[in-house]
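Single-structure report; data block below.
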Amino acid sequence: MTRRGGRRTAHVPASGAENLRGAGLMVAAMAAFAVEDMFLKAAAASLPVGVVLMLFGLGGSIGFALLARLHGERLWHPAMATRSVGLRAVLEVIGRLGYTLAIAMTPLSSATAILQATPLVVVAGAALVFREKVGWRRWSAVVVGFAGVMVILKPAPGSFAAASLLAVIGMAGFAGRDLATRAAPKELSNRQLGLCGFGVLVPTGAALWAVMGGPAQFSVAALACVAGGTVIGVAAYTGLTAAMRVGDVSIVTPFRYSRLLFGVALGMLIFGERLDTSTVIGSLIVLAAGLYTLTRARKAPV
2 MTRRGGRRTA
12 HVPASGAENL
22 RGAGLMVAAM
32 AAFAVEDMFL
42 KAAAASLPVG
52 VVLMLFGLGG
62 SIGFALLARL
72 HGERLWHPAM
82 ATRSVGLRAV
92 LEVIGRLGYT
102 LAIAMTPLSS
112 ATAILQATPL
122 VVVAGAALVF
132 REKVGWRRWS
142 AVVVGFAGVM
152 VILKPAPGSF
162 AAASLLAVIG
172 MAGFAGRDLA
182 TRAAPKELSN
192 RQLGLCGFGV
202 LVPTGAALWA
212 VMGGPAQFSV
222 AALACVAGGT
232 VIGVAAYTGL
242 TAAMRVGDVS
252 IVTPFRYSRL
262 LFGVALGMLI
272 FGERLDTSTV
282 IGSLIVLAAG
292 LYTLTRARKA
302 PV
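Numbers given in my numbering equal positions in the sequence shown, counted from 1, plus 1.
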């Protein structure tokens, strides 16, 4: 069940067409997010992460403000002051701050791999918070998918650097944000939610820069990377928000695994990262688990 206006109402499952549309939006959003990560990682090579985050948030805020006005929407709506939107903003800060630091300090492929734990948290949250039906077969597929992520990470004593924990923090924040998106007031459009999400990144980036310091070398290349990441990020954010509001969370979420493939490919092609056997095997396991989850969901809610 979901909470609407202080009352608990029964959850109405999405139709097959809605779930298919949500899945397509999710895959497109994940591809765009991987490109965004590539741009921001490149920008962080010469700019402090706080500056990158601040400029990214400012550009995204302007982008969503323009989109909102083009659709005749207000830039401020009373629903933006609700508890669910405030919680979403806090989780956005946690997710974005942790993950941006992670992609700046660790290989893009490994940070992307850690992020693949997000769907596991979201599916569990959808079942516990929204009472979506997730039977034992889909839970088993989720567990198998998590095992695939573990194959990629190769957990062992001393395997994780401190910087890798930043990706874990980012993953937890993003999972919470996605669940909060589902609970956000329906009167808020995806563009208004995007404006809220990017707006909180401006003071967050400024605070991070003040704490960590570092000279800002504003080269044309660095600014171009931030601009590219911002444009792609707005498109990705729009797709993700729409996906989480169209289909059932437990069905749409597994397609977030596709980000792993995009992230690893860009890490290899752009940053020269090496793809080992464990990453290949783990990626295939994760992808297979996600596809099986969708297949089972379309046949029966078990």
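Note that beta-carbon positions come from the ideal geometry of N, C-alpha and C, so glycine has one too.
Classify residue i as helix, strand or coil using the three-state DSSP reduction.
i, result
"V284", "Residue 284 is actually Ser in this sequence, not Val. Helix, per DSSP."
"K42", "helix"
"W77", "coil"
"V144", "helix"
"F34", "helix"
"V135", "coil"
"A167", "Contrary to the premise, residue 167 reads as Leu rather than Ala in this sequence. L167 falls in the helix class under three-state DSSP."
"E19", "helix"
"Y293", "helix"
"G61", "helix"
"D179", "helix"
"T254", "helix"
"S220", "coil"
With a threshold of 8 angstroms on Cβ separation, who are the neighbours of residue i within its own chain once the five nearest residues in sequence on each side are excluded?
i, result
"V169", "G99, I115, A118"
"A69", "R75, L76, S190, R192, Q193, L196"
"M269", "S110, R275, L276"
"V227", "F40, L41, A44, L48, V53, L56, F57, G60"
"V203", "M55, G58, L59, S62"
Among the options, which has the Cα closest to the Cα of residue i?
i, options, result
"L189", "L59, G206, A32, F65", "F65"
"L304", "A148, A32, F34", "Lying before the first or after the last residue shown, residue 304 is absent from the chain, which here runs from 2 to 303."
"G17", "V247, K187, A142", "V247"
"V232", "L26, L88, A30", "A30"
"G230", "L21, G23, L26, M55", "M55"
"P49", "P216, F272, V130", "P216"
"T254", "L288, S85, V235", "L288"
"G177", "I271, L92, G283", "L92"
"T83", "K187, S165, A266, L26", "K187"
"S85", "A244, G206, A236, G198", "G198"
"V201", "V94, L71, M27", "V94"
Between which residues of its own chain and residue i is the CB-CB distance below 7 angstroms, once the five residues before and five after are set aside?
i, result
"I104", "D38, L41, K42, A112"
"E19", "V247, G248"
"L102", "V50, L167"
Give me, in chain order, the residues of the same chain whose beta-carbon lies closer than 6 angstroms to that of residue i; leave out the 5 immediate sequence neighbours on both sides.
i, result
"S160", "Note on S160: pLDDT 49, under 50, position unreliable in the model; the coordinate value appears next. Correct list: empty, nothing qualifies."
"P126", "Correcting the residue identity first, residue 126 is Gly in this sequence and not Pro. Here the set comprises L180."
"V143", "L121, V124"
"F175", "G96, T119"
"A88", "The question names Ala, yet the displayed sequence has Leu at residue 88. Excluding positions up to five away in sequence, the list reads A181."
"W210", "P49, G51, V52"
"R22", "V247"
"A207", "M55"
Any contact between the stretch 213-233 and the stretch 65-85? By contact I mean 3 or more CB pairs, one from each, below 8 angstroms. no
Please give the ranges of any alpha helix (DSSP H) in the stretch 89-124, keeping only runs that are unbroken, at least 4 residues long and fully inside the region. 109-116
Restricting to runs no shorter than 4 residues, where is the alpha helix (DSSP H) found entirely within the stretch 192-217? 202-213
Does the stretch 55-69 touch the stretch 253-263, meaning 3 or more C-beta pairs lie closer than 8 angstroms? no
Tell me whether the stretch 44-54 and the stretch 169-184 touch, counting them as touching only if at least three CB pairs, one residue from each stretch, are closer than 8 angstroms. no
Assess, as a yes-or-no matter, whether the stretch 27-38 is touched by the stretch 233-243 under the definition of 3 or more beta carbon pairs within less than 8 angstroms. yes
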